[in-house]
Amino acid sequence: MPGLYYTLVTLGNPPKNYSVQFDTGSDIMWVTCSPCPDCPTPGRIYDTLEVYNPNNSSTSSNISCSDDMCKHAIKSKNSICQASDTPNNQCGYWQEYADGTTTGGYYVSDIMHFDTVMGNGSEGATVSSASVVFGCSDSQSGALQQDGIMGFGKAAPSVMLQLSSQGVSPKAFSHCLTSSGDGGGILVLGEVVEPGFLFTPLVSSRPGYNVNMKSISVNGQNVPIDSSLFTTSKTQETFVDSGTSLAYLPDGVYDPVIRAIIDAAPSSVNYSVISGNECFIFWKSNVSEFPIVALYFEGGVPLRVGPANYLVPKAVSDLPDNEVIFCIGFQSSKMFKGSEHATILGDLVLRDRIFTYNLEKMRLGWIDYNCSLMNKTTVVVASESLRSHTPSYFGLMIAIGVALINTNIIALLWLDS
Numbered sequence: 070m071p072g073l074y075y076t077l078v079t080l081g082n083p084p085k086n087y088s089v090q091f092d093t094g095s096d097i098m099w100v101t102c103s104p105c106p107d108c109p110t111p112g113r114i115y116d117t118l119e120v121y122n123p124n125n126s127s128t129s130s131n132i133s134c135s136d137d138m139c140k141h142a143i144k145s146k147n148s149i150c151q152a153s154d155t156p157n158n159q160c161g162y163w164q165e166y167a168d169g170t171t172t173g174g175y176y177v178s179d180i181m182h183f184d185t186v187m188g189n190g191s192e193g194a195t196v197s198s199a200s201v202v203f204g205c206s207d208s209q210s211g212a213l214q215q216d217g218i219m220g221f222g223k224a225a226p227s228v229m230l231q232l233s234s235q236g237v238s239p240k241a242f243s244h245c246l247t248s249s250g251d252g253g254g255i256l257v258l259g260e261v262v263e264p265g266f267l268f269t270p271l272v273s274s275r276p277g278y279n280v281n282m283k284s285i286s287v288n289g290q291n292v293p294i295d296s297s298l299f300t301t302s303k304t305q306e307t308f309v310d311s312g313t314s315l316a317y318l319p320d321g322v323y324d325p326v327i328r329a330i331i332d333a334a335p336s337s338v339n340y341s342v343i344s345g346n347e348c349f350i351f352w353k354s355n356v357s358e359f360p361i362v363a364l365y366f367e368g369g370v371p372l373r374v375g376p377a378n379y380l381v382p383k384a385v386s387d388l389p390d391n392e393v394i395f396c397i398g399f400q401s402s403k404m405f406k407g408s409e410h411a412t413i414l415g416d417l418v419l420r421d422r423i424f425t426y427n428l429e430k431m432r433l434g435w436i437d438y439n440c441s442l443m444n445k446t447t448v449v450v451a452s453e454s455l456r457s458h459t460p461s462y463f464g465l466m467i468a469i470g471v472a473l474i475n476t477n478i479i480a481l482l483w484l485d486s
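Position one of the sequence shown corresponds to residue 70 (the numbering used here), numbered consecutively onward.
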């Protein structure tokens, strides 16, 4: 598996760090709270679970059902409240993810701490903070591996939109996910600007980061697919979801694409179905001879997915030393209840390129990039959306972890996997 990407956020007073999965497919940020008798602990990234206790933070406060944030969250179906809506009635939440994982609890407000990049980054960093509303989880189910999840969706509870409404960051974010063995990358609060970006419109009528797919080619040859299967509706859609590891295609799309990849594979490899997966067995790990899969979106822009980004190595103990097995990472979306007819673009095809999401211009953009080059010595380019704000936070931006790509300033989180 390509893994999942997570970062550390600092909350409360005194401040504590929590590992949270980065997820563009949901809106709520939540962390495990005390007490949480139903919270599973096996399989965590860390040996111990970091638990948030609102009673131990001097800056924590509860959110009532009459709070504006709760009302917005209710409208976007990200909140629940009891019938008796009184000022003291605590605003609750319930979230179920596509894999069946669930979390529930109540909303709290507390301080999120940042490293702040001053000017063009040459003046060093200071500590800043902003008040955010997030979920305090006292009930969980499923194979959770972090202290929580940070949703970067389009609805009101999203931390990105909360910070934007406070004038702390623009209404945009970007990420660059590395595909190296130990993962990593950055998550930027703002739109990264690089020459050569390709853009396609976001579908404003859908709740997620939906785009209009038009066609798919394998090795430059258009795959024969009924174009109606790409039409965006309530039952079928194409969306980007960083909380999903692989990429998923509906049956009418999946079958012809997989067949085209198999037909275009090098003649020197052996095709085999292993544990229900379409796999190839060959004598060396160089996958460059496999075909390129290109996904075409509105505006004619392609997202070219090379073999390194759709073939997943499979570990088999009894293989000869110089023989490897790679399986196709495109899977059928019929395993997701409610999304059987959706195309889901997960981390597998998002890696090794900068993706930028701009909710002011309602567009999604990308460019191939070696994300491992983004480190504490590079400089991030600020977006045009920053220039539309007041000069105070063009000259003073928040950041979680400090990373710099060109000459200006931007906010970001360090990612790991």
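Note that beta-carbon positions come from the ideal geometry of N, C-alpha and C, so glycine has one too. For clarity, every value in this text was computed on a predicted model and none was experimentally measured.
Neighbourhood of A333 by C-beta, 7 angstroms cutoff - its chain only, sequence neighbours within 5 removed: For the purposes of this step, residue 333 is taken as the residue at position 264 of the sequence shown. So the qualifying residues of the chain are V287, N288, P360.
W352, buried or exposed, once every other Cβ within 10 Å from all chains shown has been counted against 16: Working through the sequence shown from its first residue, we reach residue 352 at position 283. Result: exposed.
Contact under 8 angstroms by Cβ, E260 with T76: Looking up residue 260 in the sequence shown gives position 191. Looking up residue 76 in the sequence shown gives position 7. Between E260 and T76, the gap from beta carbon to beta carbon reaches 8 angstroms or more.
Contacting residues, own chain, Cβ-Cβ under 6 angstroms from Q90 (five flanking each side not counted): Within the sequence shown, residue 90 is the residue found at index 21, counting from 1. The answer, listed in chain order, is L73, Y75, Q215, I218.
According to DSSP, residues forming a beta bridge with P382: As a working mapping, residue 382 is identified with position 313 in the sequence shown. Here P382 is bridged, per DSSP, to F395.
Integer Cβ distance of I327 from F405, believed to fall under 8 angstroms: For the purposes of this step, residue 327 is taken as the residue at position 258 of the sequence shown. For the purposes of this step, residue 405 is taken as the residue at position 336 of the sequence shown. Going by Cβ atoms, the distance from I327 to F405 rounds to 18 angstroms, so no, they are not a contact pair.
For V228, the three-state DSSP class (helix, strand or coil): Start at 1 with the first residue of the sequence shown, and residue 228 comes out as number 159. If DSSP states are grouped into helix, strand and coil, V228 belongs with the helices.
CA-to-CA distance, S341 to G188, given in whole angstroms: Start at 1 with the first residue of the sequence shown, and residue 188 comes out as number 119. Start at 1 with the first residue of the sequence shown, and residue 341 comes out as number 272. Residue confidence is low: G188 scores 40 on pLDDT, short of 50, so the model does not pin down where it sits. No coordinate-derived value is stated.
Distance, V100 Cα to S210 Cα: Position 141 of the sequence shown holds residue 210. Position 31 of the sequence shown holds residue 100. Going by the C-alpha atoms only, they are around 14 angstroms apart.
Secondary structure of D251, DSSP reduced to three states: Sequence index remark: in the sequence shown, residue 251 carries index 182 (1-based). Reduced to three states, the DSSP call for D251 is coil.
Chain-order list of residues whose beta-carbon lies under 6 angstroms from that of E119 (same chain, five-residue window excluded): In the sequence shown, counting from the first residue as 1, residue 119 sits at position 50. Around E119: Y87, D216.
G321: first and last residue of the uninterrupted alpha helix (DSSP H) it sits in: The residue you call residue 321 lines up with position 252 of the sequence shown. G321 -> alpha helix (DSSP H) spans 320 to 333.
Cβ shell of P335 (< 6 angstroms), same chain only, five flanking positions each side left out: Numbered from its first residue, the sequence shown carries residue 335 at position 266. Residues of the same chain with a CB within less than 6 angstroms of the CB of P335, apart from the 5 flanking positions on each side, are E358 in chain order.
Burial state of V385 (16 or more Cβ within 10 Å): Here the question's residue 385 lines up with position 316 in the sequence shown. The residue in question, V385, is exposed, as its Cβ has fewer than 16 Cβ neighbours within 10 Å.
Reduced DSSP category for G188 - H, G, I as helix; E, B as strand; rest coil: Translated into positions along the sequence shown, residue 188 becomes position 119. Since pLDDT at G188 reaches only 40, below the 50 mark, its modelled position is unreliable, and the value read off the structure follows with that caveat. Coil, per DSSP.
Beta-carbon proximity list for V78, same chain, < 6 angstroms, skipping 5 on both sides: Residue numbering aside, residue 78 sits at position 9 when the sequence shown is read from its first letter. Around V78: Y87, V89.
Contact under 8 angstroms by Cβ, A411 with P319: As a working mapping, residue 411 is identified with position 342 in the sequence shown. As a working mapping, residue 319 is identified with position 250 in the sequence shown. Taking 8 angstroms as the Cβ cut-off, A411 and P319 qualify as a contacting pair.
Rounded distance between the beta-carbons of Y278 and F242, thought under 8 angstroms: On the sequence shown, position 173 is the one that residue 242 refers to. On the sequence shown, position 209 is the one that residue 278 refers to. Contact doesn't hold; Cβ gap of about 11 angstroms is too wide.
Distance between S208 and T170 (C-alpha atoms, nearest Å): Along the sequence shown, read from residue 1 onward, the residue named residue 170 stands at position 101. Along the sequence shown, read from residue 1 onward, the residue named residue 208 stands at position 139. Spanning the two alpha carbons is a distance of roughly 11 angstroms.
Continuous alpha helix (DSSP H) stretch holding V418: start and end: Taking the sequence shown and counting its residues from 1, the one referred to as residue 418 is at position 349. That run of the alpha helix (DSSP H) goes 416 to 419.
Expected contact under 8 angstroms - CB spacing of M229 and L258 to nearest Å: Counting from 1 along the sequence shown, the entry for residue 229 is found at position 160. Counting from 1 along the sequence shown, the entry for residue 258 is found at position 189. At roughly 7 angstroms, the Cβ-Cβ gap stays under 8 angstroms, so M229 and L258 are in contact.
8 angstroms contact criterion, which G222 and G94 should meet: CB distance rounded: Numbered from its first residue, the sequence shown carries residue 222 at position 153. Numbered from its first residue, the sequence shown carries residue 94 at position 25. Their Cβ separation, rounded to whole angstroms, is 7 angstroms, which keeps G222 and G94 in contact under 8 angstroms.
DSSP state of A142 mapped onto helix, strand, coil: In the sequence shown, the residue the question calls residue 142 occupies position 73. Residue state, collapsed to three classes: helix.
Sheet register partners of Q90 (DSSP bridge): For the purposes of this step, residue 90 is taken as residue 21 along the sequence shown, with counting starting at 1. Beta-bridge pairing links Q90 to Y75, I218.
Exposure of K144, with buried meaning 16 or more beta-carbon neighbours within 10 Å: For this step, residue 144 is matched to residue 75 along the sequence shown. Exposed is the call here.
C-alpha distance - Y162 paired with V381, whole-angstrom precision: As a working mapping, residue 162 is identified with position 93 in the sequence shown. As a working mapping, residue 381 is identified with position 312 in the sequence shown. Y162 and V381 have their C-alpha atoms spaced approximately 36 angstroms apart.
Pairwise C-alpha distance: T172 and E165: As a first step, residue 165 must be located in the sequence shown, where it is residue number 96. As a first step, residue 172 must be located in the sequence shown, where it is residue number 103. One C-alpha to the other measures close to 7 angstroms.
D485 versus N125: straight-line alpha-carbon distance, rounded: Translated into positions along the sequence shown, residue 485 becomes position 416. Translated into positions along the sequence shown, residue 125 becomes position 56. When rounded, the distance between both Cα atoms is 28 angstroms.
Alpha carbon of T301 to alpha carbon of T313, nearest angstrom: Residue 301 sits at position 232 when you count from the first residue of the sequence shown. Residue 313 sits at position 244 when you count from the first residue of the sequence shown. Each residue's alpha carbon lies about 20 angstroms from the other.
Environment of N147 [buried if 16+ CB atoms lie within 10 Å]: Here residue 147 corresponds to residue number 78 of the sequence shown, with the count starting at 1. With 16 or more Cβ atoms within 10 Å of its Cβ, N147 is classed as buried.
Pairwise C-alpha distance: L388 and M98: Taking the first residue of the sequence shown as position 1, residue 98 is located at position 29. Taking the first residue of the sequence shown as position 1, residue 388 is located at position 319. If I take the Cα positions, the gap works out to 43 angstroms.
Nearest-angstrom beta carbon gap, G253 and Y244 [assumed within contact, 8 angstroms]: The sequence position of residue 244 within the sequence shown is 175, counting from 1. The sequence position of residue 253 within the sequence shown is 184, counting from 1. According to the sequence provided, residue 244 is His. The question's Tyr does not apply to it. With 8 angstroms as the limit, H244 and G253 do not qualify as a contact, their Cβ atoms being about 11 angstroms apart.
Local conformation of P270 per DSSP, three classes: Numbered from its first residue, the sequence shown carries residue 270 at position 201. Under the three-state reduction of DSSP, P270 is assigned to strand.
Three-way DSSP call (helix, strand, coil) for N147 in this model: In the sequence shown, residue 147 corresponds to position 78, counting from 1. N147: coil per DSSP, three-state reduction.
Same chain, Cβ closer than 7 angstroms to I413, five either side skipped, listed in chain order: One-based indexing of the sequence shown puts residue 413 at position 344. The residues are F308, D310, T313, A316, Y317, S402.
Chain-order list of residues whose beta-carbon lies under 8 angstroms from that of V280 (same chain, five-residue window excluded): In the sequence shown, residue 280 corresponds to position 211, counting from 1. If we look at V280 and ignore the five residues flanking it on each side, its Cβ neighbours are T269, P270, L271, V272, T307, F308, V309, F366, E367, L433.
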